[in-house]
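Residue numbers (our numbering): 1 to 393.
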């Protein structure tokens with residue numbers, strides 16, 4: 001092609017191939033990448049030639065260090081009933097080994113099919129991260145009279161990490177989760193993560209469960225409109241937008257070939273995989289420090305909140321340190337549950353405060369947002385070290 005031919009081409013056609021690859025690799029949204037590919041035949045052709053390379057880098061831009069968890073999710077399917085325990089044990093061990101390999105080479109050696117599945121899951125995760133943030137920022141504005149800045153990348157990655165890990169655990173243990181607390185899987189999984197990481201998974205389980213129950217309510221009313229008459233007026237108002245939400249979930253599920261988390265699929269209305277009872281505060285006592293068979297140091301919970309390392313999805317959020325503010329913080333969750341009533345005051349009051357703290361999403365927010373939340377009247381029960389008096393000495 002001579003100079004005159006090159007000048008006659010549209011601007012995008014004149015962009016060198018390596019530059020086109022770099023442009024597509026720089027996106028921090030699967031949706032944004034898709035829009036560019038659809039709008040330009042030349043970018044589409046380049047994408048087909050470098051599909052795996054580009055998608056791996058886009059996923060890494062979105063998820064950062066959480067991409068390793070996403071890789072595990074893309075390579076994990078629901079375990080069969082046959083040899084389930086053996087598959088689970090091997091799956092947990094493989095997950096643990098994968099988590100030790102975080103770094104620039106995490107995407108090497110992936111098959112194209114796995115990369116495509118990884119991109120699909122990342123798109124789903126983006127949607128639910130947006131949903132979580134939208135719900136909470138809207139709640140802060142209307143109920144706390146606080147307007148908050150848009151979410152940061154680290155906050156989004158924390159939420160994504162919890163969602164991905166929740167889904168991996170559901171895949172691994174499937175419908176056996178009802179006996180989660182008493183089985184060997186409890187010990188195996190609790191050795192994978194620190195206690196603060198398990199609390200994040202627990203909170204995501206609660207969020208997904210709330211969405212599940214909302215969709216179930218909508219389905220009941222959709223099948224029988226008279227059913228809705230029995231709901232309190234305020235709850236009926238909250239159901240107004242569920243139809244659109246229901247349709248959006250359908251759209252996402254179809255768009256990724258049925259890749260939607262099973263618990264939120266439209267036809268999955270059984271409670272066989274409810275794990276709220278077992279994932280809650282019970283997991284706060286567990287973590288790598290509780291299982292010497294896995295050689296990983298416990299997080300340093302004695303660190304002062306004012307001297308923490310930079311914000312990262314791989315380190316405890318500021319609010320976690322602030323709530324504990326003691327060297328005994330490693331096991332405060334189970335201590336909170338097991339301390340006799342006479343030693344901790346009214347147990348219902350303690351649990352109510354803890355539920356409120358979890359509902360506000362402190363485990364996912366950066367320091368600045370958490371500190372602003374603590375200024376609200378609703379957050380008066382959360383002074384620094386507010387759980388200290390409930391830790392067994």
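All residues carry an ideal CB built from backbone N, CA and C; glycine is no exception.
When you compare each of the options to residue i by their alpha carbons, which one comes out closest?
| i | options | result |
| --- | --- | --- |
| residue 65 | 90, 100, 53 | 100 |
| residue 127 | 94, 108, 62 | 62 |
| residue 353 | 205, 386, 363 | 386 |
| residue 89 | 37, 190, 157 | 190 |
| residue 139 | 360, 205, 203, 206 | 360 |
| residue 85 | 204, 374, 188 | 188 |
| residue 28 | 358, 213, 157 | 157 |
| residue 205 | 76, 153, 169 | 169 |
| residue 53 | 23, 40, 213, 41 | 23 |
| residue 358 | 136, 194, 40, 214 | 136 |
Residue i: buried (16+ other C-beta within 10 angstroms of its C-beta) or exposed?
| i | result |
| --- | --- |
| residue 313 | buried |
| residue 382 | buried |
| residue 210 | exposed |
| residue 122 | buried |
| residue 16 | exposed |
| residue 109 | exposed |
| residue 355 | exposed |
| residue 125 | buried |
| residue 11 | exposed |
| residue 18 | exposed |
| residue 97 | exposed |
| residue 112 | exposed |
| residue 134 | exposed |
| residue 14 | exposed |
| residue 297 | Annotation note: pLDDT 29 at residue 297 (below 50); position unreliable, no value reported. |
| residue 203 | buried |
| residue 151 | buried |
| residue 167 | buried |
| residue 370 | buried |
| residue 82 | exposed |
| residue 216 | exposed |
| residue 117 | buried |
| residue 161 | buried |
| residue 283 | Any reading at residue 283 must be qualified, since the residue scores a pLDDT of 34, below 50, and its modelled position is unreliable; the value itself is stated next. Classification of residue 283: buried, given that the 10 Å Cβ count is 16 or more. |
How about residue i and residue j: do their beta carbons lie closer than 8 Å?
| i | j | result |
| --- | --- | --- |
| residue 172 | residue 91 | yes |
| residue 129 | residue 159 | yes |
| residue 95 | residue 192 | yes |
| residue 21 | residue 46 | yes |
| residue 149 | residue 59 | no |
| residue 74 | residue 106 | no |
| residue 141 | residue 69 | no |
| residue 155 | residue 362 | no |
| residue 33 | residue 115 | no |
| residue 57 | residue 25 | yes |
| residue 398 | residue 318 | Any question about residue 398 goes unanswered here, given that the chain covers just 1 to 393. |
| residue 372 | residue 146 | yes |
| residue 196 | residue 310 | no |
| residue 323 | residue 144 | no |
| residue 132 | residue 207 | yes |
Go to residue i, then tell me how far its alpha helix (DSSP H) extends in each direction, as first and last residue.
| i | result |
| --- | --- |
| residue 60 | 51 to 63 |
| residue 405 | Lying outside 1 to 393, the shown extent of the chain, residue 405 is not represented and no answer is given. |
| residue 13 | That residue, residue 13, is in no alpha helix (DSSP H); it is neither H nor E in DSSP. |
| residue 73 | 67 to 74 |
| residue 31 | 30 to 39 |
| residue 86 | 84 to 99 |
| residue 375 | It is not in any alpha helix (DSSP H) - residue 375 carries neither H nor E in the DSSP assignment. |
| residue 165 | 153 to 173 |
| residue 25 | 17 to 25 |
| residue 323 | 318 to 324 |
With hydrogens ignored, establish whether the beta-carbon of residue i is closer than 7 Å to any heavy atom of the ligand NAD.
| i | result |
| --- | --- |
| residue 214 | Only the bare structure without any ligand can be found here, which leaves the ligand NAD out of the picture. |
Check whether the Cβ of residue i lies closer than 8 Å to any Cβ atom in chain B.
| i | result |
| --- | --- |
| residue 190 | Absent here is chain B; the protein component of the structure consists of one chain. |
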